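Undergrad: Residue numbers for the sequence shown follow the UniProt record's numbering, so the first one is 1 and each next one is one higher. Here a beta-carbon is modelled for each residue, glycine too, at the ideal position from N, C-alpha and C. None of the values given here were measured: they were computed from a predicted structure.
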Amino acid sequence: MSRQQSCTRRTALRALGVGAGLAATGATVTAQDQPTFDGWLDNVGNYDGVVDETGTDSVTVQVGSQANGGAFGFSPPAIRVDPGTEVVWEWTGDGGVHNVLPESGDWGSELVGEAGHTYSRTFEEVQVVKYYCEPHEGMGMKGVVVVGDAGPSGGGSSDGGQESFEEPDYGGWFDDVGNYESTANETGTDSVTVQVGSQANGGAFGFAPPAVRVDPGTEVVWEWTGDGGVHNVLPESGDWGSELVGEAGHTYSRTFEEPGIHRYYCEPHEGMGMKGTVVVTGAAEAGGSGESEAGGWTEPTAQPRPVGESSIEPLELAFVGGFGSLLLFPALVGVAMALGSDGRPDDEPSGGN
1 MSRQQSCTRR TALRALGVGA GLAATGATVT AQDQPTFDGW LDNVGNYDGV VDETGTDSVT
61 VQVGSQANGG AFGFSPPAIR VDPGTEVVWE WTGDGGVHNV LPESGDWGSE LVGEAGHTYS
121 RTFEEVQVVK YYCEPHEGMG MKGVVVVGDA GPSGGGSSDG GQESFEEPDY GGWFDDVGNY
181 ESTANETGTD SVTVQVGSQA NGGAFGFAPP AVRVDPGTEV VWEWTGDGGV HNVLPESGDW
241 GSELVGEAGH TYSRTFEEPG IHRYYCEPHE GMGMKGTVVV TGAAEAGGSG ESEAGGWTEP
301 TAQPRPVGES SIEPLELAFV GGFGSLLLFP ALVGVAMALG SDGRPDDEPS GGN
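Here you go:
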């Protein structure tokens, strides 16, 4: 199973804490030296540098560590190993079912939720290996294995040439959303999962990630965590939406075809900041008002009126004409009274005598 990403990911939950397993392992690079692997780890909340595991025969990575708003992390998310090192992924049993899939390649694990389950692979070639958990990739559950001298600080290089996007202007929609930092870029994927009831806004009152960018025709799947009571997904404007549900594992999906910014919220917890957006690309190319090429939101502009055409509408003209007649009527009556029956003022002689 493989999938090639076409665009850089933007940070969605970068402020969340580092997973516990990261601190216990090898040394990491300093923050200013952190490679981002062309944006692959931009929205990975527990990424704090590449852990150097060279010189060891086997390395263990936790699957389902605390990160990205729940048990949705690999820990450590980025490691450097020697060629021939065995990497063992071990499930914590938290966060539901997870798997390990490469961004490109024909290897990978099955979906598992059992604590203690392991999956291993030995990497022989010098390379940068990007991988992810399929159900929770949109939340930032991704990782990297740097083999040998590959990668930003070695002789090899990771995938490049990817396009970045400017953050849209949401007009204050996210002002009170505690887990929003920027839009997670999920263009190039057929389906995106958003968690409903993630840890945010003082409890399990968040969507994670709260903002995603997708291509037209992408299916967005909202999956309930079962935490925070009952939640629903309702659009700010539109005739779609889910029912109120509290059951873990419940899903609601919608495929977005029209470009633009689609805002939504949880009705019981909107006031707490449980809101989200789906940004569908292509508004500028479609020729309509909506999302611009730079990623912002543009208001429709007034069209210029053809030269020589009146700027007053017929109804406005009729109103002004009728109102003007009412204003002039008393003056006309006064003039008529001042004139005699023959149409001349009373003090003017009629002639003849």
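Check the C-beta distance from M274 over to F174 and give it rounded, since I have them as a contact under 8 Å.
TA: Position 274 of the sequence shown, counting from 1, holds the residue named residue 274. Position 174 of the sequence shown, counting from 1, holds the residue named residue 174. Actually they do not touch by this definition, with Cβ atoms about 11 Å apart.
Undergrad: Which term fits residue 364, buried or exposed, when burial requires 16 or more other beta carbons within 10 angstroms of its beta carbon?
TA: No answer is possible for residue 364: the residues shown for the chain start at 1 and end at 353.
Undergrad: Using DSSP with H/G/I as helix, E/B as strand and the rest coil, what is G138?
TA: Position 138 of the sequence shown holds residue 138. Helix at G138.
Undergrad: Measuring only the C-alpha atoms, how far is S191 from D57?
TA: In the sequence shown, counting from the first residue as 1, residue 191 sits at position 191. In the sequence shown, counting from the first residue as 1, residue 57 sits at position 57. For S191 and D57, the distance between alpha carbons rounds to 37 Å.
Undergrad: Where does E270 sit, in a helix, a strand or coil, going by DSSP?
TA: Working through the sequence shown from its first residue, we reach residue 270 at position 270. DSSP, read as helix, strand or coil, puts E270 in helix.
Undergrad: Please report the straight-line C-alpha distance between P141 and C133, rounded to a whole angstrom.
TA: Within the sequence shown, the letter at position 141 stands for residue 141. Within the sequence shown, the letter at position 133 stands for residue 133. The question names Pro, but residue 141 is Met in the sequence shown. Rounded to whole angstroms, the gap between the alpha carbons of M141 and C133 is 6 Å.
Undergrad: Between G138, H98 and G202, which lies nearest to S182 when the distance is taken from Cα to Cα?
TA: If you number the sequence shown from 1, residue 182 lands on position 182. Residue G138 is the option with its Cα nearest to S182.
Undergrad: Helix or strand or just coil, what does DSSP make of H98?
TA: Residue numbering aside, residue 98 sits at position 98 when the sequence shown is read from its first letter. Three-state DSSP puts H98 in a strand.
Undergrad: Going by DSSP in three states, E247 sits in which element: helix, strand or coil?
TA: For the purposes of this step, residue 247 is taken as residue 247 along the sequence shown, with counting starting at 1. Looking at E247 - three-state DSSP - the assignment turns out to be coil, as it is neither helix nor strand.
Undergrad: Reducing DSSP to helix, strand and coil, say where L234 ends up.
TA: Sequence index remark: in the sequence shown, residue 234 carries index 234 (1-based). Note: L234 maps to strand in three-state DSSP.
Undergrad: Reducing DSSP to helix, strand and coil, say where T189 ends up.
TA: Indexing the sequence shown from 1 puts residue 189 at position 189. In this structure, T189 counts as coil in the three-state DSSP scheme.
Undergrad: According to the neighbour-count rule (16 or more other Cβ atoms, all chains shown, within 10 Å of its Cβ), is A78 buried or exposed?
TA: Taking the sequence shown and counting its residues from 1, one reaches residue 78 at position 78. With 16 or more Cβ atoms within 10 Å of its Cβ, A78 is classed as buried.
Undergrad: With DSSP run on the structure shown, which of helix, strand or coil describes Y170?
TA: The residue given as residue 170 occupies position 170 in the sequence shown. Three-state result, Y170: coil.
Undergrad: Indicate the three-state DSSP secondary structure (helix, strand or coil) for F205 in the structure shown.
TA: Along the sequence shown, one-based indexing puts residue 205 at 205. It is a strand residue.
Undergrad: Under DSSP, the beta strand (DSSP E) around G39 begins and ends at which residues?
TA: Here residue 39 refers to the residue found at position 39 when the sequence shown is read from its first residue. No beta strand (DSSP E) holds G39; DSSP gives it neither H nor E.
Undergrad: Going by Cα to Cα distance, which pick from A200, D215 and G217 is closest to G228?
TA: Position 228 of the sequence shown, counting from 1, holds the residue named residue 228. Closest option to G228, Cα to Cα, is A200.
Undergrad: Would you please state the rounded distance, in angstroms, between the beta carbons of C266 and V220? I believe it to be under 8 Å.
TA: If you number the sequence shown from 1, residue 266 lands on position 266. If you number the sequence shown from 1, residue 220 lands on position 220. In fact, because the Cβ distance is near 15 Å, the residues do not count as touching under 8 Å.
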